[in-house]
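Structure record follows, encoded as structure tokens.
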Amino acid sequence: MKNPPNTVPAEITLDLMHFCRRIADTVPVFVTSVPLRSSGASFCFDNVERKIAKSGGSIAYGWAIWHIPNLYYEAEHHAVWRNKLGSLIDVSPQLGGRRRLLFLPDEKAVYDSWKPRSNIMLPASDTPLAIEMARLGGARQALFARCRIPGTAEMRFYEQEQLELADLNQRIEQLMILAGVVV
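Residue numbers (the numbering used here): 1 to 183.
Listed below in structure tokens is the structure:
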């Protein structure tokens, strides 16, 4: 996908709150993203631990919430830094250099590298496109779970898994083009 869409929700709607309530009994909050130098995308738990070692504070576990209207809602296991004043700051780089994300705090979502949590994706409507998008997203998460190297954040894709991932990504991109999300 050349230009991935901005999936940070523009606002907290009633439908978005219903999605979040399925995951945690907390209220989502917009969090400013100020990535650490040399921080890795998709390594939020390590990034936050490095920030705590340098500046104090604590880790806040939860979920990054993504949404494309009429297509899907998605929750990705995530962590942000809680500074000494209690403010939440995302210290991990975001796709496209985005400066904020929607974070759903969830104290129960503690990170365990031996039992990683898959993304949660649900259709945002009852249209065939939305239902298929959620199905493909679930299939991609299942593939990631199969390919994860236990105890690490790394994944190993052999040829068959590479082909499967390429097919899923192509189908997702085609669906997003059909939905008018990307061109």
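In this text, a Cβ means the ideal position worked out from N, Cα and C, and glycines have one as well.
Rounded to a whole number of angstroms, what is the C-alpha to C-alpha distance between residue i and residue j?
{"i": "residue 42", "j": "residue 128", "result": "30 Å"}
{"i": "residue 76", "j": "residue 118", "result": "7 Å"}
{"i": "residue 70", "j": "residue 89", "result": "29 Å"}
{"i": "residue 52", "j": "residue 155", "result": "26 Å"}
{"i": "residue 83", "j": "residue 164", "result": "41 Å"}
{"i": "residue 126", "j": "residue 56", "result": "45 Å"}
{"i": "residue 27", "j": "residue 20", "result": "8 Å"}
{"i": "residue 149", "j": "residue 168", "result": "21 Å"}
{"i": "residue 221", "j": "residue 143", "result": "Since the first residue shown for the chain is 1 and the last is 183, residue 221 is missing from the structure and cannot be characterised."}
{"i": "residue 121", "j": "residue 134", "result": "6 Å"}
{"i": "residue 147", "j": "residue 140", "result": "11 Å"}
{"i": "residue 98", "j": "residue 33", "result": "7 Å"}
{"i": "residue 178", "j": "residue 157", "result": "28 Å"}
{"i": "residue 174", "j": "residue 180", "result": "10 Å"}
{"i": "residue 85", "j": "residue 137", "result": "37 Å"}
{"i": "residue 108", "j": "residue 131", "result": "28 Å"}
{"i": "residue 54", "j": "residue 46", "result": "12 Å"}
{"i": "residue 176", "j": "residue 68", "result": "10 Å"}
{"i": "residue 161", "j": "residue 116", "result": "19 Å"}
Assuming contact is defined by CB atoms lying nearer than 8 Å, are residue i and residue j in contact in what I supplied?
{"i": "residue 64", "j": "residue 101", "result": "yes"}
{"i": "residue 8", "j": "residue 48", "result": "no"}
{"i": "residue 31", "j": "residue 110", "result": "no"}
{"i": "residue 106", "j": "residue 12", "result": "no"}
{"i": "residue 95", "j": "residue 35", "result": "no"}
{"i": "residue 73", "j": "residue 10", "result": "no"}
{"i": "residue 151", "j": "residue 114", "result": "yes"}
{"i": "residue 18", "j": "residue 44", "result": "no"}
{"i": "residue 93", "j": "residue 58", "result": "no"}
{"i": "residue 29", "j": "residue 103", "result": "yes"}
Looking at the strands, I want to know which residues DSSP matches up with residue i.
{"i": "residue 62", "result": "78 and 105"}
{"i": "residue 121", "result": "74"}
{"i": "residue 90", "result": "33"}
{"i": "residue 155", "result": "148"}
Does the beta-carbon of residue i, which I'm using as the reference point, lie nearer than 7 Å to any heavy atom of the ligand MN?
{"i": "residue 81", "result": "Of ligands this structure carries none, so the ligand MN is not represented either."}
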